[in-house]
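S.K.:
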Amino acid sequence: MTSCTLVALKRFASALVFGVTLWNFEFLLQQFRFPTGGVSTHNKPFSILIWDLPFNRALNLTSNVCATHHHNKGCLLTSNHSLLDQADVVAFHHHELQHSRSSLPRAKRNPGQNWVWVSLESPTNTKGLAGWNRTFNWVMTYRRDSDIFVPYGVLVPHPSDRVDIPKKSHSVCWVISNYHHTQKRAKLYQELSRHIKIDVYGKASKKPLCPSCLLPTISQYKFYLAFENSIHQDYITEKLWRNSLLAGTVPVVMGPPRANYQQFIPGDAFIHVEDFGSMKELATFLVTMNDSHYQSFFSWRQRYTVKLYDNWQERFCTICNQYPSLPWGKVYPSLEDWFRN
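Positions in the sequence shown are counted from 1; adding 2 to them yields our numbering.
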């Protein structure tokens, strides 16, 4: 074993000692931060007006969608603008607001009605934030300090006597739709690919995967490059939750620091690029890993399972679950200051 490999192993082991110890405590706290179900405490049906459907995609907003699919009997979703006066909450998805304020309701704002700003994009990929001062009462984002926390995924308790690991026939893969050579993830990929073979899929490589092909394809690989398009606190997307953990492969992550990832998943469930002094060290670590070490990355599956939050109806129903604990009278003086800082 080379000295570089020993150094890499020592760094990785040191990070895990602290991370795994902290994980169970952080996980318990997270269960209180993010309710995964429940029934609204309102005496009357609670109504949420979705002012613009996210990305103009049709949603099932039948009167019982929250009760039938998301465990909330007192929560009603609508996109009918004529119900503005009756709505308890109005939710505004930022993508449809970013170009102009003209899409806001023109009628006088109903006293006691709370407005929620909604976005799951990172600050790097969010435009048109300037000028949204004293407009919104609450924010609903992937950040844990949001009034309404909607992550891309969570681990939920699910004890199991066995851990099934999909059969592996390949080493490393990456699925990428938008490739920009100036991004950090592109630079890391270029350097890492000099030392280990990486199969690349997606629109950027002209090898797109159909939705039903995505997870079966990734599951054949030992490692997946869960590289985020930008680096921000709590910005941990489907690249980790769906493409890695749900697919049954070990994520090699690039995003916020290791400590931030460990607020979502155990420290021994992933490999962070920052655990290594170079991409050559990382490649050596991956290539020389034995079977028992590899299997240890799946120990979390004995205790938890992955729950994806990739459904907009469920995200909006979450407002009802968290409503009783939301701060009344709150207004964001500057949305841009909060989101970018």
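From the three backbone atoms N, C-alpha and C, an ideal C-beta is built for every residue, glycine too.
All of these numbers come straight from a predicted model, not from anything done at the bench.
#1: Is the Cβ-Cβ distance between LEU122 and PHE225 less than 8 Å?
#2: Does the count of Cβ pairs from the region 208-217 and the region 288-305 closer than 8 Å reach three?
#3: Considering only residues of the same chain and omitting the five flanking positions on each side of LEU217, which have a CB-CB separation below 7 Å?
#4: Tell me the DSSP bridge mates of ARG175?
#5: Exposed or buried, ALA109, counting other C-beta atoms within 10 Å across all chains shown (16 or more means buried)?
#6: With a 10 Å radius around its C-beta and 16 neighbouring C-beta atoms as the bar for buried, classify GLY331 as buried or exposed.
#7: Who does TYR306 pair with in a DSSP beta bridge?
#8: Which class does THR239 belong to by DSSP, given the choice of helix, strand or coil?
#9: Hey, out of PHE278, VAL252 and ILE233, whose CA is closest to THR126's CA?
#10: Measure from the alpha carbon of PHE48 to the alpha carbon of each residue in GLN264, MET291, VAL67 and LYS129, then state which is nearest.
#11: By the 10 Å Cβ neighbour count, where 16 or more other Cβ atoms means buried, how is PRO329 classified, buried or exposed?
#12: In angstroms with no decimal places, state the Cα-to-Cα distance between THR193 and LYS282.
#13: Note down, one range per segment and in chain order, each beta strand (DSSP E) of at least 3 residues found wholly within the region 60-120.
#14: DSSP on PHE151, reduced to helix/strand/coil?
#15: Roughly how many angstroms separate the alpha carbons of THR320 and ILE150, rounded to a whole number?
#16: Evaluate the contact criterion for the region 252-266 versus the region 228-242: three or more CB pairs, one atom per stretch, below 8 Å.
#17: Please state whether the Cβ-Cβ distance between PHE57 and VAL165 is less than 8 Å.
M.R.: In terms of the structure at hand:
#1: no
#2: no
#3: LEU248 and ALA249
#4: Checking the displayed sequence, the identity of residue 175 turns out to be Cys instead of Arg. CYS175 is bridged to ASP201 and TYR226.
#5: exposed
#6: Counting the other CB atoms within 10 Å of its CB gives GLY331 a total below 16, which places it among the exposed residues.
#7: PRO159
#8: Three-state DSSP puts THR239 in coil, outside helix and strand.
#9: ILE233
#10: VAL67
#11: By the 10 Å Cβ count, PRO329 comes out exposed.
#12: Note on identity: in this sequence residue 193 is Glu, with Thr being the wrong assignment. So the two alpha carbons sit approximately 8 Å from each other.
#13: Runs found: 77-80, 91-95 and 116-120.
#14: strand
#15: 8 Å
#16: Taking 8 Å as the limit for Cβ pairs, the verdict is that the region 228-242 does touch the region 252-266.
#17: no
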